[in-house]
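Here's the structure, in structure tokens; my notes come after.
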Amino acid sequence: MKIKIDNIKNSALLARLIFSDEEIVKLTTEMENILLFFDKINELDTSNVEPTAHVMNLTNVFREDVQKESFDRNQILSNASSHQGGCFSIAKVL
Amino acid sequence: MELFELTAHELSYLLSSKKTSAVEITESVLGRISEVEDKIGSYITICRDEALKRAVEVQKRIENGEAKSPLAGIPMALKDNICTEAIKTTCASKMLSEFIPPYNSFVAQKLNNSDTILLGKLNMDEFSMGGSTESSFFHKTKNPWDFERVPGGSSGGAAASVAAHETIFALGSDTGGSIRQPASFCGVVGMKPTYGTVSRYGLVAFASSLDQIGPLAKDVTDCALIMNAIMGHDDMDSTSLRAFYDDCTKGLINDVKGLRIGIPKEYLSDGINDEVRRAILDAIDVFKSLGAECEEFSLPLNEYAIPAYYIISSAEASSNLARYDGIKYGYRAPKYTDLLDMYNKTRSEGFGTEVKRRIMLGTYALSSGYYEEYYMKALKVRTLIINDFQKAFEKYDIILGPTAPTTAFMFGEKENNPLDMYLGDVYTVAVNVAGLPALTVPCGFDSKNLPIGMQLIGKALDEKLLLRAGYTFEQNTVFHKRKAKG
Numbered sequence: 011m012k013i014k015i016d017n018i019k020n021s022a023l024l025a026r027l028i029f030s031d032e033e034i035v036k037l038t039t040e041m042e043n044i045l046l047f048f049d050k051i052n053e054l055d056t057s058n059v060e061p062t063a064h065v066m067n068l069t070n071v072f073r074e075d076v077q078k079e080s081f082d083r084n085q086i087l088s089n090a091s092s093h094q095g096g097c098f099s100i101a102k103v104l
Numbered sequence: 003m004e005l006f007e008l009t010a011h012e013l014s015y016l017l018s019s020k021k022t023s024a025v026e027i028t029e030s031v032l033g034r035i036s037e038v039e040d041k042i043g044s045y046i047t048i049c050r051d052e053a054l055k056r057a058v059e060v061q062k063r064i065e066n067g068e069a070k071s072p073l074a075g076i077p078m079a080l081k082d083n084i085c086t087e088a089i090k091t092t093c094a095s096k097m098l099s100e101f102i103p104p105y106n107s108f109v110a111q112k113l114n115n116s117d118t119i120l121l122g123k124l125n126m127d128e129f130s131m132g133g134s135t136e137s138s139f140f141h142k143t144k145n146p147w148d149f150e151r152v153p154g155g156s157s158g159g160a161a162a163s164v165a166a167h168e169t170i171f172a173l174g175s176d177t178g179g180s181i182r183q184p185a186s187f188c189g190v191v192g193m194k195p196t197y198g199t200v201s202r203y204g205l206v207a208f209a210s211s212l213d214q215i216g217p218l219a220k221d222v223t224d225c226a227l228i229m230n231a232i233m234g235h236d237d238m239d240s241t242s243l244r245a246f247y248d249d250c251t252k253g254l255i256n257d258v259k260g261l262r263i264g265i266p267k268e269y270l271s272d273g274i275n276d277e278v279r280r281a282i283l284d285a286i287d288v289f290k291s292l293g294a295e296c297e298e299f300s301l302p303l304n305e306y307a308i309p310a311y312y313i314i315s316s317a318e319a320s321s322n323l324a325r326y327d328g329i330k331y332g333y334r335a336p337k338y339t340d341l342l343d344m345y346n347k348t349r350s351e352g353f354g355t356e357v358k359r360r361i362m363l364g365t366y367a368l369s370s371g372y373y374e375e376y377y378m379k380a381l382k383v384r385t386l387i388i389n390d391f392q393k394a395f396e397k398y399d400i401i402l403g404p405t406a407p408t409t410a411f412m413f414g415e416k417e418n419n420p421l422d423m424y425l426g427d428v429y430t431v432a433v434n435v436a437g438l439p440a441l442t443v444p445c446g447f448d449s450k451n452l453p454i455g456m457q458l459i460g461k462a463l464d465e466k467l468l469l470r471a472g473y474t475f476e477q478n479t480v481f482h483k484r485k486a487k488g
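Chains as they are written, first to last, in the working numbering: chain W, 11 to 104; chain S, 3 to 488.
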């Protein structure tokens, strides 16, 4: 099973990561080896098996829709690299 | 003996009999840190002044009878992925190297309420992804038993600091073995609780269905005391279990007569170091001599646990780490052309190699066309692994085996082959996949005087039984008393 470099590049796009051409080649080889190892799970017959996302089988954990105290705005902004007028500031979106 | 060499329960006795004070103990441990930290590198942040100030406050509370916890006055340290209000929490990553949480994690708050004293934040593999602490953005941590060797990971700083007496106890986190394997490599006790019993509120998420916080301690008694302090339901963690949380110290009984211990034969066959195998077989003999019934059996799905684990954890990690975008907190790339470029550069510059590799694996496994083949398949294999354990626990009370296939390896040994590092998790990952509790206790040393750990796996919520088996083993052996030279 050979991974196509295009698939790796697509994953990088989705993950918002950029790699140099050399890094992509190295990563492709590494991932290929790891994914080959992952393929082992296909030896098992899971045709009648339900997936388990969470071991505890919790059902919806709700609370009443009641407003509670939250953090101080300045506290929350204190970790941002830039903020303005009480908001996070970022590059133009559109 | 110096105060810093003692256990929490020994110090608690000295405190209650007024033979020492919280300040004296804290000064002793801080003195020890000054002496050895340059050589070992367990810490990312040391809170010297804050710890001494807090020790004074705690001592007052002890003197006027307000500090009732058995951990009152005990200095401790936390892995640096556990949020501590107003104290840098970096996850050993450039991405969070300046991050100061505006809140305390549940466990930090609980330990605070128990009048413990925070010494600082401990080194780890970046975002908990690794088995050696080598991927920390800041520095490597040395194994106190041999400075050329890794302490294990990802809670390497936690394990090394306990082994080197740079803290009386520590909290780490365990997603695929990250408490147990370093505890084994450093010759200390480590426990991963049943999933859902220790709140993940304030634990920087790696893989949400696998992560658990747990103790690293000098002995099983301390481990039980810490478990009591940190277990419990928490409204702030929607995966927190509503259950009856019994007193873990009820497990500290020196008796294993009639205990049914199962040893998976797959654990002792290929891939395990001979000396580790020998130590485990000797440990089984100890249990037998104390009246436990020990028997080999088959856990046929164990070999599928690692691929299932790495698919699930990488997928969950890729999702959890999507939040690091340079906007609300964390590193932001200094130069970029537009928003997308900012995201790309921030993440590519802020994350290390292993983190990026896992994000890529997770993204790939979840992407259209591969989701069924990898992620869904892994979740089905997870069901099979859970069933495999359930079947085993119909016959046995505890499953026993090695914690790691080797003792601590050399720095750089696994650098060129990431898969090699992953295979070191062979005994630990299935436990996280199934959400079960597991305890590692020192059970021997190899010919290089490196510690060997034995892992005990229990049924969900059966921590007391694991502690009983571990306590009994400890009471009848002396491995936990040997000290690292470092």
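Every residue gets a Cβ at the ideal spot worked out from N, C-alpha and C, and that includes glycine.
All of these numbers come straight from a predicted model, not from anything done at the bench.
- Listed by position along chain S, the residues whose Cβ is nearer than 8 angstroms to that of V76(W) form an empty set, because the closest Cβ is around 13 angstroms away.
- DSSP, read as helix, strand or coil, puts A307(S) in helix.
- Going by beta carbons, D221(S) and R470(S) fall outside the 9 angstroms limit.
- Taken atom to atom, the span from the alpha-carbon of E268(S) to that of G122(S) is near 40 angstroms.
- Under the Cβ criterion of 9 angstroms, M378(S) is counted among the residues facing chain W.
- Neighbours of L386(S) in chain W, taken as residues whose beta carbon is under 8 angstroms from its own, are L54, T56, V59 in chain order.
- Here DSSP, grouped into helix, strand and coil, assigns C250(S) to helix.
- Assignment of D40(S) by DSSP, reduced to helix, strand and coil, places it in the helix class.
- Taking the Cβ atoms as the reference, T47(S) lies roughly 12 angstroms from K81(S), outside the contact range of under 8 angstroms.
- 9 angstroms or more divides the Cβ of D213(S) from the Cβ of N230(S).
- For K330(S), the chain W residues whose C-beta falls within less than 8 angstroms of its own C-beta are I86, N89, A90, F98, listed in chain order.
- When only Cα atoms are considered, S44(S) and G371(S) end up about 43 angstroms apart.
- Under a criterion of Cβ atoms nearer than 7 angstroms, the residues of chain S adjacent to V71(W) are, in order, S240.
- For K70(S), the three-state secondary structure derived from DSSP is coil.
- For the pair Q457(S) and Y429(S), the CB atoms are nearer than the 9 angstroms cut-off.
- Taking 9 angstroms as the CB threshold, F353(S) lines the interface with chain W.
- For T62(W), the chain S residues whose Cβ falls inside 7 angstroms of its Cβ are L381, R384, T385, I388, in order along the chain.
- Residue environment: H235(S) is assigned as exposed (fewer than 16 neighbouring CB atoms within 10 Å of its CB, all protein chains considered).
- Under the three-state reduction of DSSP output, V431(S) falls in the helix class.
- Counting only the Cα atoms, K78(W) lies some 32 angstroms from P217(S).
- M131(S) and D40(S) have their alpha carbons spaced roughly 24 angstroms apart.
- Taking a C-beta cut-off of 8 angstroms against chain S, the contacting residues of the segment 14-32 of chain W are N17, I18, N20, S21, A22, L24, A25, R26, L27, I28, F29, listed in chain order.
- Our two residues, A294(S) and L368(S), have alpha carbons roughly 45 angstroms apart in a direct line.
- The C-beta distance from E60(W) to T385(S) rounds to 6 angstroms, short enough to fall under 8 angstroms.
- Counting other Cβ atoms within 10 Å of its Cβ, S99(W) stays below 16 and is therefore classed as exposed.
- DSSP places V222(S) in the uninterrupted alpha helix (DSSP H) bounded by 222-232.
- Rounded to the nearest angstrom, the Cβ distance from Y197(S) to F48(W) is 23 angstroms, too far for a contact under 8 angstroms.
- In the structure shown, M193(S) adopts extended strand secondary structure according to DSSP, grouped into three states.
- Here the alpha carbons of T39(W) and E32(W) stand approximately 11 angstroms from one another.
- Straight-line measurement puts the Cα of S95(S) at about 28 angstroms from the Cα of A380(S).
- Interface flag for E79(W) against chain S is unset, since no Cβ pair is found closer than 9 angstroms.
- Under the 9 angstroms criterion on CB atoms, F101(S) is classed as interfacial with respect to chain W.
- As computed with DSSP, P266(S) is found in a beta bridge with F299(S).
- At a beta-carbon threshold of 7 angstroms, the residues of chain W lying near K358(S) are L27, ordered along the chain.
- Of the other Cβ atoms in all chains shown, 16 or more fall within 10 Å of the Cβ of E476(S); this residue is therefore buried.
- The beta carbon of L301(S) sits closer than 7 angstroms to those of P266, E268, D390, A394, all from its chain and outside the five residues before and after it, given in chain order.
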